[in-house]
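Asks: If you read the protein sequences in the order shown, they are chains D and Z. Each residue of the first sequence is one higher than the last, beginning at 952 in the working numbering. Each residue of the second sequence is one higher than the last, beginning at 55 in the working numbering. Ideal Cβ positions, reconstructed from N, Cα and C, are used throughout, including at glycine. Remember, predicted model here, so these are calculated numbers, not experimental data. My questions will all concern the structure given below.
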Amino acid sequence: MAKFEAGMEAMADMYVFETTSLLEQLDQILMKTENESSFGEEEINEIFRTMHTIKGSSAMMGLENMSKLAHAIEDMFYIIREDHPVISSMESLYDLVFTASDLMKAEIELLQDDEYTPTDFTEQMNKIEAFVAVLKGGEGAALAPAASAVAPAPAAASAPAPAPANSDPSQTTVRVFFEEDCKMENLRALLVINRISDSCSKLEYSPADIENNPDTAETIVKNGFDVVFIPKPDSSIDGVVDTIRTTPNVKTCNIISQTSAGSSAAAAADDDSTTVRVHFEDDCKMENLRALLVVNNVRDVCDNVSFEPADIETNSESAKYIIENGFTIRFKSDKPNMVLQVIESAPSVKSYEVIENTAAPQPAGTAAAEKPAETAAAPAVSAASPAAAPAAKPAAKQEAKPAAAAAKPASGGAKQSLISVNLNKLDTLLDLVGEIVITEAMVTSNPDLKGLRLDNFQKSARQLRKLNSELQDTVMSIRMVPLSGAFSKMTRIVRDMKVKLGKDVDLIFEGEETEVDKSIIDQLNDPLMHMVRNSMDHGIEDNVEDRIKAGKSPKGKLTLSAYNSSGEVIIVVADDGQGINPEKVLAKAEKNGILTKPASEYSEKEILNMIMLPGFSTNDQVTEYSGRGVGMDVVRKNIEKIGGTVSVESKFGQGTNFIIKIPLSLSIVDGMEVSVGESIFTIPINSIRESFKVKPNQLVKDTNGKEMVMIRGECFPLIRLYDLYDLVPGTNDLYDGIVILVETDGKCACLFADELIGEQQVVVKPFSSLLNNYNVKQNGMAGCSILGDGSITIILDVSNIISDF
Amino acid sequence: MEENTTVATSASKNYSADGNEVLFFTIDDTIYGIEIKYVNEIIGIEQITIVPKIPDHIKGVINIRGKVVPVISVRKRFGIDEIPYDDRTCIIVLEFEDGNQVGIIVDRVREVVVVNKNDISKTPDAKNVNANHYIKSIVNLDSGIRLLLDCDKLIKDD
Chain D
952 MAKFEAGMEA
962 MADMYVFETT
972 SLLEQLDQIL
982 MKTENESSFG
992 EEEINEIFRT
1002 MHTIKGSSAM
1012 MGLENMSKLA
1022 HAIEDMFYII
1032 REDHPVISSM
1042 ESLYDLVFTA
1052 SDLMKAEIEL
1062 LQDDEYTPTD
1072 FTEQMNKIEA
1082 FVAVLKGGEG
1092 AALAPAASAV
1102 APAPAAASAP
1112 APAPANSDPS
1122 QTTVRVFFEE
1132 DCKMENLRAL
1142 LVINRISDSC
1152 SKLEYSPADI
1162 ENNPDTAETI
1172 VKNGFDVVFI
1182 PKPDSSIDGV
1192 VDTIRTTPNV
1202 KTCNIISQTS
1212 AGSSAAAAAD
1222 DDSTTVRVHF
1232 EDDCKMENLR
1242 ALLVVNNVRD
1252 VCDNVSFEPA
1262 DIETNSESAK
1272 YIIENGFTIR
1282 FKSDKPNMVL
1292 QVIESAPSVK
1302 SYEVIENTAA
1312 PQPAGTAAAE
1322 KPAETAAAPA
1332 VSAASPAAAP
1342 AAKPAAKQEA
1352 KPAAAAAKPA
1362 SGGAKQSLIS
1372 VNLNKLDTLL
1382 DLVGEIVITE
1392 AMVTSNPDLK
1402 GLRLDNFQKS
1412 ARQLRKLNSE
1422 LQDTVMSIRM
1432 VPLSGAFSKM
1442 TRIVRDMKVK
1452 LGKDVDLIFE
1462 GEETEVDKSI
1472 IDQLNDPLMH
1482 MVRNSMDHGI
1492 EDNVEDRIKA
1502 GKSPKGKLTL
1512 SAYNSSGEVI
1522 IVVADDGQGI
1532 NPEKVLAKAE
1542 KNGILTKPAS
1552 EYSEKEILNM
1562 IMLPGFSTND
1572 QVTEYSGRGV
1582 GMDVVRKNIE
1592 KIGGTVSVES
1602 KFGQGTNFII
1612 KIPLSLSIVD
1622 GMEVSVGESI
1632 FTIPINSIRE
1642 SFKVKPNQLV
1652 KDTNGKEMVM
1662 IRGECFPLIR
1672 LYDLYDLVPG
1682 TNDLYDGIVI
1692 LVETDGKCAC
1702 LFADELIGEQ
1712 QVVVKPFSSL
1722 LNNYNVKQNG
1732 MAGCSILGDG
1742 SITIILDVSN
1752 IISDF
Chain Z
55 MEENTTVATS
65 ASKNYSADGN
75 EVLFFTIDDT
85 IYGIEIKYVN
95 EIIGIEQITI
105 VPKIPDHIKG
115 VINIRGKVVP
125 VISVRKRFGI
135 DEIPYDDRTC
145 IIVLEFEDGN
155 QVGIIVDRVR
165 EVVVVNKNDI
175 SKTPDAKNVN
185 ANHYIKSIVN
195 LDSGIRLLLD
205 CDKLIKDD
């Protein structure tokens, strides 16, 4: 089954991208307000807008379930804003919205699978409805909620309700036929019902069990789908029929009976209808579908919408027409300004002009001023009679949307200065820059030029080098993303765990503006999550009493901090919890048989780092969050994958710090090339302290014959690279070769090589997976790189060399 | 050439319906074959950069147009003594489904032959024969019996 109707696939990517960022935005707003434990007008409007956009675009993509769920949340916030009800349980409100947001996120994930079937959100929607009912009932009696809670959402919306203003209802029956072979006619019929349910005060249909009984599809194909409705006072028969006709896949819709003539609202409609011509942004593509989105948005806020070209949904050629002539939309509303704002706020709309307005023009000021008074009236009625609450909902909703749209500042002129670019393109760009760096070296240090005096060439070469490094910096900076995104995802996890574990914890960010390469950020989410979970679950004490006894504040503290340090980014996840008991770890390690030397020989640091071995968990019980002993192992693996390291520091009883060190970028490093026999190694400049020739009086040997070098009163171990890597050296005479003092993590060592070749920027190429199987990383090789002359150099990872030594 | 074997040209890559193209090469006097779908290119011997602390049969890495590709000595892999490289020594660059490239050093490359499915027979299922499973199947050609190697086994760890 195709996921989307024809022509929609191309939009799917954009939809996924937009909706995901909207949902993330929603999470952030929620998180912020939850901390302040109150909703500002601004935030509610923001949530409104988010949900409204999701609803609109989901409906456009034909994702009814998403659209309905968004709708339900929108409704709920309408009531919160307009009624200012006393919300007895803020927690359940947040739970509802968070869960809904999670469901939608999961749905978006699912959408990217090939086998996609829409998830049923009815359960969540019922919960929301129940909550809404409680909110409403809060002022009257809390009788209705139970009833409306069990009824599925569409039924609640279509439940017969008193039609207050209309004493002479005109009941109309229409028969709907769907396009042949469109499949699942019953669900398409349900779509029709959902679309018109808002504008009908009475709504019945046959067959009635379309939602649950797929067999009804056949009946519909044979006999058509009959709908009996009474339009709401503010809508008309024609409007409803129009809505039905424009529902996807509807072929025909004929009125077969009208029980009462009634005064056709449609006849009067022309009196105050407005015609607007909309122009879209240049090059926004698929103007017809964007126009459809506008139409859907407008339909949400008013009735009697007609538009030209009329076949935008089915005819992609209409896009051309729209580009040339604009898109004309005609609607009837007593608040045209609000509708105009809806049009304006639709995505990709560049400009619009009112070309015909038969209604008395309303100054913007009045529209805004009038809105609150109007909208406040509707809920007031529903509050008086709780039984009517579900029926009042659709009416309320109609008011809610324009309000949400109106809240959006009119920002017609501002051009977007941000674009989203496919990461693959950036990767290619970076690769290219890498090649340019190599080629530059190839040209400027070409052996043909040796011995020649080329002043002008050298000058140009320097200029080229300067530009190249600027180019490289720019490309790198494009790829740099602040850590705040990865950090703020943790807020959500901490929030959820706070609720579940009943621990009170403050999450503090420091230096979240620190930037790292995008490819690194993507790899960082999982490890961070595991570490935060770990700190929340194991780190922070279970009992507040324990904290107080230990002289700590009853509220736990979890700090995520990041900072730059010598070409690396250091991220620390620190908690002020109970810390790690080294004895417990050691005992557990002994039990698991992972000790390689007598237990007494382990230093505290070594013991602590054991918790990152696979299958190791000090927690006695497996909880939802941790304890299976997978987490920290995953953390270590993921961090190592991106060329970083992770270590643990802990003071028993005072807290634990997880320290992650990751390279700023994976791709280009400044390196010093040294030769050992025929091999060339590159040592990253940022780990070199100095290089020098050893004098006989500097050499010291220990009792095992291990060599050390004395520099300015300090002794450092000497590592002969040819020994380390079993190579044939050019020289094994210590006084002949060169010694490089390297430092990392505060540990120093001297590396012995034949000679220094020179400093060069190299592009890091990772080892092929074949070689990675043989622990090249653990043996101190970080990757390799191609030099100007085409030969390959191996980039050393000083920290691994030192730690092994 | 015999009746049922044809020298394949570069244009005739779609024989998979009833036959597979196989590239044959020699180590000493034995002829081995590998399926052409793995073969990316064949190059002469190049300067190989030693990578320390890896198994003997991996000779190091070479630079193929900016890509760093590890190379394996088939001789070492089979436990045969290495001979000095000469101008017939070749590196066959294999590319696997995951995009990984690996070069294998062989004595000389012979030809590409379309092998009929009927001519391919299984290796015997015995403990001591083909113990390391480098041989995928046996090809019975008019010019003689040849061994088809399993590329995945060849490069993977034992």
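With D:Asn1730 and Z:Lys107 assumed to form a contact (beta carbons below 8 Å), what rounded beta-carbon distance in angstroms separates them?
Replies: Rounded, the Cβ-Cβ distance is 5 Å, consistent with contact.
Asks: Less than 8 Å between CB atoms is the rule here; does D:Ile1745 satisfy it with respect to chain Z?
Replies: Closer than 8 Å to some Cβ of chain Z, the Cβ of D:Ile1745 qualifies, so yes.
Asks: If the criterion is Cβ atoms closer than 8 Å, does the pair Z:Val125 and Z:Ile159 meet it?
Replies: Yes. Within cutoff.
Asks: Whole angstroms is fine: what's the gap from D:Lys1301's alpha carbon to D:Glu1169's?
Replies: D:Lys1301 and D:Glu1169: Cα-Cα distance of roughly 45 Å.
Asks: If you drop the 5 nearest sequence neighbours on each side, which residues of the same chain put their C-beta closer than 7 Å to that of D:Ile1708?
Replies: Answer for D:Ile1708: Glu1624, Val1625, Ser1626, Ile1631, listed in chain order.
Asks: For the alpha helix (DSSP H) containing Z:Tyr188, name the first residue and the last one.
Replies: Where Z:Tyr188 is concerned, there is no enclosing alpha helix (DSSP H), given that its DSSP letter is neither H nor E.
Asks: Where do the ends of the alpha helix (DSSP H) carrying D:Val1172 lie?
Replies: Taken as a continuous stretch (DSSP letters only), the alpha helix (DSSP H) holding D:Val1172 covers 1167 to 1174.
Asks: Flag this pair as touching only if the region 962 to 975 of chain D and the region 1007 to 1019 of chain D have three or more C-beta atom pairs under 8 Å; answer yes or no.
Replies: With a cut-off of 8 Å, the region 1007 to 1019 of chain D and the region 962 to 975 of chain D count as touching, because enough Cβ pairs lie within range.
Asks: Of all the CB atoms in chain C, is at least one closer than 8 Å to the CB of D:Leu1678?
Replies: Within the model displayed, chain C is absent; protein chains D and Z are what it includes.
Asks: Hey, is D:Thr1607 close to the ligand NAP, as in C-beta under 7 Å from one of its heavy atoms?
Replies: No copy of the ligand NAP appears in this structure; indeed no ligand is present at all.
Asks: On the DSSP bridge list, what partners appear for D:Ala1230?
Replies: The question names Ala, but residue 1230 of chain D is His in the sequence shown. DSSP, once it has assigned bridges, lists D:Ser1302 as partnering D:His1230.
Asks: Pop quiz: D:His994 and D:Ile980 are said to be a contact at Cβ under 8 Å. What is the actual Cβ separation, rounded to whole angstroms?
Replies: Note that residue 994 of chain D is Glu in the sequence shown, not His. With a Cβ gap of about 5 Å, D:Glu994 and D:Ile980 count as contacting.
Asks: Taking Cβ-Cβ distances shorter than 9 Å, what residues in chain Z pair up with D:Asn1730?
Replies: Within chain Z, the residues near D:Asn1730 are Pro106, Lys107, Ile108.
Asks: Whose CA, out of D:Leu1669, D:Val1178, D:Ile1636, D:Arg1640, lies closest to the CA of D:Gln1649?
Replies: Among D:Leu1669, D:Val1178, D:Ile1636, D:Arg1640, the Cα nearest to that of D:Gln1649 is on D:Leu1669.
Asks: Have a look at the DSSP bridge pairing and note the partners of Z:Gly157.
Replies: In DSSP, Z:Gly157 forms a bridge with Z:Val125, Z:Val147.
Asks: Quick one: Cα of D:Gln1075 to Cα of D:Thr1633, how far?
Replies: So the alpha carbons of these two residues sit roughly 58 Å apart.
Asks: With a threshold of 8 Å between beta carbons, is D:Ile1545 in contact with chain Z?
Replies: By this cut-off, D:Ile1545 is not an interface position.
Asks: With a threshold of 8 Å on Cβ separation, who are the neighbours of Z:Val105 within its own chain once the five nearest residues in sequence on each side are excluded?
Replies: Only Ile112, Gly114, Val115, Pro124 meet the Cβ criterion.
Asks: Taking 8 Å as the threshold, find out whether the region 144 to 157 of chain Z comes into contact with the region 91 to 100 of chain Z through three or more Cβ pairs.
Replies: Because the criterion of three Cβ pairs below 8 Å is met, the region 144 to 157 of chain Z and the region 91 to 100 of chain Z touch.
Asks: DSSP on Z:Cys205, reduced to helix/strand/coil?
Replies: Looking at Z:Cys205 - three-state DSSP - the assignment turns out to be helix.
Asks: Going by DSSP, what residue range makes up the alpha helix (DSSP H) through D:Gln1423?
Replies: Run containing D:Gln1423: 1406 to 1430, per the alpha helix (DSSP H) assignment.
Asks: Measuring straight from C-alpha to C-alpha, what distance separates D:Pro1717 and Z:Lys130?
Replies: Near 25 Å, if we compare the C-alpha coordinates of Z:Lys130 and D:Pro1717.
Asks: Taking buried to mean at least 16 other C-beta atoms within 10 Å of its own C-beta, is Z:Asn172 buried or exposed?
Replies: Result: exposed.
Asks: List the residues of chain D that Z:Ile41 touches, going by C-beta distances under 7 Å, in chain order.
Replies: Since the first residue shown for chain Z is 55 and the last is 212, residue 41 of chain Z is missing from the structure and cannot be characterised.
Asks: Would you mind telling me which residues of chain D sit closer than 9 Å to Z:Val156, beta carbon to beta carbon, in chain order?
Replies: Ser1719, Leu1721, listed in chain order.
Asks: Which chain D residues are close to Z:Pro138, counting only those with a beta carbon under 7 Å from its beta carbon?
Replies: Near Z:Pro138 there are no residues of chain D at all, since even the closest Cβ is about 17 Å away, more than 7 Å.
Asks: Between Z:Pro178 and chain D, is there a C-beta pair that is closer than 8 Å?
Replies: Z:Pro178 does not count as touching chain D.
Asks: Give me the residue from D:Gly1656, D:Ala1704, D:Met1661 with the minimum Cα distance to D:Leu1678.
Replies: When only C-alpha atoms are compared, the closest one is D:Ala1704.
Asks: What is the rounded straight-line gap between the Cα of Z:Thr84 and the Cα of Z:Leu201?
Replies: Roughly 9 Å separates the two Cα atoms.
Asks: In angstroms with no decimal places, state the Cα-to-Cα distance between D:Val907 and D:Ser1269.
Replies: With chain D running from 952 to 1756 in the structure shown, residue 907 of chain D is simply not present.
Asks: Taking 8 Å as the cut-off, does the region 1512 to 1524 of chain D touch the region 1546 to 1555 of chain D (at least 3 CB pairs, one atom from each stretch)?
Replies: Verdict: no, contact absent.
Asks: Please determine if the region 1732 to 1743 of chain D and the region 1682 to 1693 of chain D are in contact, where contact requires at least 3 C-beta pairs separated by less than 8 Å.
Replies: Too few Cβ pairs lie closer than 8 Å, so no.
Asks: Tell me which residue opens and which closes the alpha helix (DSSP H) that D:Ile1030 is part of.
Replies: Unbroken alpha helix (DSSP H) run through D:Ile1030: 1015 to 1034.
Asks: Using only the alpha-carbon positions, how far apart do D:Leu1747 and D:Asn1419 sit?
Replies: C-alpha separation (whole angstroms): 25 Å.
Asks: In terms of residue numbering, what span does the alpha helix (DSSP H) encompassing D:Thr1197 cover?
Replies: Counting along the chain, the alpha helix (DSSP H) containing D:Thr1197 begins and ends at 1188 to 1197.
Asks: Is the beta carbon of D:Glu938 sitting closer than 8 Å to the one on D:Met1017?
Replies: What is shown of chain D runs 952 to 1756, which leaves residue 938 of chain D out entirely.
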